[in-house]
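There are 2 protein chains.
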Amino acid sequence: MTGAEAAALPDDGASRTPDRLRLRASRLLSQLTTRSDRLISDGLAQADARKWHYAVLASLQDHGPASQASLSRRTSIYRSDMVGVLNELAERHLVERAPDPADQRRNIITISARGRGQLRRLDRILDDLHDELLAPLDPAERDQFVQLLVRLLDHHTAGTP
Amino acid sequence: MTGAEAAALPDDGASRTPDRLRLRASRLLSQLTTRSDRLISDGLAQADARKWHYAVLASLQDHGPASQASLSRRTSIYRSDMVGVLNELAERHLVERAPDPADQRRNIITISARGRGQLRRLDRILDDLHDELLAPLDPAERDQFVQLLVRLLDHHTAGTP
DNA sequence: CCATTGCGTTAGCCCAACTAACGATAGGCG
DNA sequence: CGCCTATCGTTAGTTGGGCTAACGCAATGG
Chain W
82 MTGAEAAALP DDGASRTPDR LRLRASRLLS QLTTRSDRLI SDGLAQADAR KWHYAVLASL
142 QDHGPASQAS LSRRTSIYRS DMVGVLNELA ERHLVERAPD PADQRRNIIT ISARGRGQLR
202 RLDRILDDLH DELLAPLDPA ERDQFVQLLV RLLDHHTAGT P
Chain V
82 MTGAEAAALP DDGASRTPDR LRLRASRLLS QLTTRSDRLI SDGLAQADAR KWHYAVLASL
142 QDHGPASQAS LSRRTSIYRS DMVGVLNELA ERHLVERAPD PADQRRNIIT ISARGRGQLR
202 RLDRILDDLH DELLAPLDPA ERDQFVQLLV RLLDHHTAGT P
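If you want it as structure tokens, here you go:
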């Protein structure tokens with residue numbers, strides 16, 4: 082009986098979302114993430130890439146060749162999904178997949194010259210996309226935001242390294 | 082040729098994620114959101130509820146009865162999915178679904194006494210869950226975090242009200 | 001030598017976000 | 001009035017991400 086009901090369906094002149102809903106961090110997170118994900122995948126699609134591609138290429142570049150399993154751990158892409166991602170990357174000749182002579186179960190994945198080039202492109206694209214994503218924040222706030230995210234994520238990742 | 086490769090697959094003593102990947106806001110967002118979503122849905126499941134239930138009940142309580150379509154707009158739950166959510170809520174007698182005498186296309190959805198009770202429960206549960214979600218932040222930082230999220234989301238929602 | 005563990009791979013599940021289409025009604029306009 | 005378009009509730013289906021289950025095979029080690 083707040084008075085809002087008294088208006089008996091004003092079609093909702095205010096189709097507003099209640100604050101207790103609108104301001105829940107969980108909801109803000111998932112809504113923003115939905116937008117962010119779309120922004121990123123659309124952006125990367127224009128370079129014939131997906132975010133997984135970037136993750137794998139960056140990990141190869143920064144920490145060297147690796148087996149699929151360890152790439153999985155580095156990127157937190159499920160090993161089931163890694164198969165497809167590596168297929169896509171190999172199709173595009175961005176990585177080499179070779180059997181490990183020392184352990185016949187393993188494939189050793191190596192980034193190719195072309196892969197390094199693509200990685201540079203993707204890095205530039207992602208810089209731009211993040212500029213768009215974080216547009217309303219000044220540099221200090223962007224840092225702050227990232228730091229807050231890191232602290233939260235670390236906290237909730239404590240048990241699952 | 083950074084030297085990392087020289088170790089020739091040390092199985093990765095450091096199965097570390099490269100910073101350029103780890104610190105991308107988009108990635109932090111989606112990882113954190115994954116955890117957050119799981120936290121919230123698990124928590125709500127213990128009250129036989131889903132986050133959509135909360136959204137609908139809160140909207141009904143705060144802005145009064147509405148048609149399914151306008152609930153859709155208030156909560157940004159797709160109208161296709163709203164059907165199912167309202168079925169669940171009606172099953173539990175948390176809302177009433179009645180045809181609108183003034184417009185035969187519409188159903189008017191009203192929150193029930195029981196629905197109001199449930200909403201109070203869910204609000205308490207969500208408070209606790211958010212306490213867990215934001216645990217590493219002090220009150221000022223939580224505010225800051227929420228404000229940053231709001232600003233970002235508002236910016237990316239500008240075109241799509 | 002056998003049991004356990006790790007690897008790559010395939011298949012499939014669940015959920016959320018979203019699109020397409022449809023029958024029915026409302027409302028505006030000529 | 002009659003037509004046109006928009007809106008409403010609903011069903012069905014798509015896509016994509018995260019995840020589980022199970023497999024055959026190789027490595028490891030008690």
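Protein sequences appear in the order of chains W and V.
The opening residue of the first sequence carries number 82 in the numbering used here; numbering runs sequentially from there.
The opening residue of the second sequence carries number 82 in the numbering used here; numbering runs sequentially from there.
Just so it is clear, CB atoms sit at the ideal spot from N, CA and C, and this is done for glycine as well.
The model shown is predicted, which means the values in this text are computed figures rather than measured ones.
Give the DSSP-derived three-state secondary structure of residue i in the structure shown.
i         : result
Thr191(V) : strand
Pro146(W) : coil
Gly180(V) : Position check: residue 180(V) holds Pro in this sequence, whereas Gly was assumed. Three-state DSSP puts Pro180(V) in a strand.
Gln127(V) : coil
Arg154(V) : helix
Gln185(V) : strand
Ala139(V) : helix
Thr238(V) : helix
Thr115(W) : helix
His174(W) : coil
Ala221(V) : helix
Between the C-alpha atoms of residue i and residue j, what's the straight-line distance to the nearest angstrom?
i         : j         : result
Leu102(V) : Val176(V) : 45 angstroms
Gln149(W) : Asp143(W) : 16 angstroms
Ala95(V)  : Leu141(W) : Low confidence applies to Ala95(V): its pLDDT is 47, below 50, so where it sits in the model is not reliable, and the reading given next is rough at best. Cα to Cα, the separation comes out at about 13 angstroms.
Leu214(V) : Arg197(W) : 38 angstroms
Leu211(W) : Leu218(W) : The sequence shown places His at residue 211(W), not Leu. When rounded, the distance between both Cα atoms is 11 angstroms.
Gly145(V) : Leu113(W) : 27 angstroms
Arg155(V) : Thr238(V) : 14 angstroms
Arg223(V) : Leu109(V) : 17 angstroms
Leu230(V) : Ala221(W) : 15 angstroms
Ile158(V) : Leu233(W) : 27 angstroms
Ile190(V) : Ala147(V) : 5 angstroms
Val164(V) : Gly165(W) : 36 angstroms
Asp184(W) : Ala194(W) : 25 angstroms
Can you list the residues of chain V that residue i reaches, using a CB-CB cut of under 7 angstroms?
i         : result
Ala139(W) : Pro99, Arg101 and Leu102
Ala130(W) : Within chain V, no residue comes near Ala130(W); the closest Cβ sits about 14 angstroms away, beyond 7 angstroms.
So which residues on chain W does residue i lean against when the C-beta distance must stay under 8 angstroms?
i         : result
Leu218(V) : Leu229, Arg232 and Leu233
Glu222(V) : Leu229
Ala239(V) : Residues of chain W passing the Cβ test: none, with the nearest at roughly 10 angstroms.
His134(V) : Within 8 angstroms Cβ-Cβ: nothing; His134(V) doesn't reach chain W, min ~12 angstroms.
Leu215(V) : Ala106 and Leu233
So with CB distances below 9 angstroms, who are the chain W contacts of residue i?
i         : result
Ala126(V) : Within chain W, no residue comes near Ala126(V); the closest Cβ sits about 14 angstroms away, beyond 9 angstroms.
So residue i contacts chain W; which residues on that side make the cut at Cβ distance below 7 angstroms?
i         : result
Arg105(V) : Leu207 and His211
Checklist entry - If contact means a Cβ-Cβ distance below 7 angstroms, which residues of the stretch 108 to 123 of chain V contact chain W? => result Leu109, Leu110, Ser111, Gln112, Leu113, Thr114, Arg116, Ser117, Asp118 and Ile121
Checklist entry - Does the pairing of the stretch 201 to 215 of chain W with the stretch 121 to 130 of chain W give three or more beta-carbon distances under 8 angstroms? => result At 8 angstroms Cβ cutoff, the stretches touch.
Next on the checklist: Contact between the stretch 129 to 141 of chain W and the stretch 162 to 176 of chain W is defined here as three or more beta-carbon pairs at a separation below 8 angstroms; is this criterion met?
Outcome noted: yes
Item to check | Members of the stretch 152 to 175 of chain V that neighbour chain W once the beta carbon cut-off is set at 8 angstroms | outcome: So the list reads Arg154, Arg155, Thr156 and Ser157, given in the order they occur along the chain.
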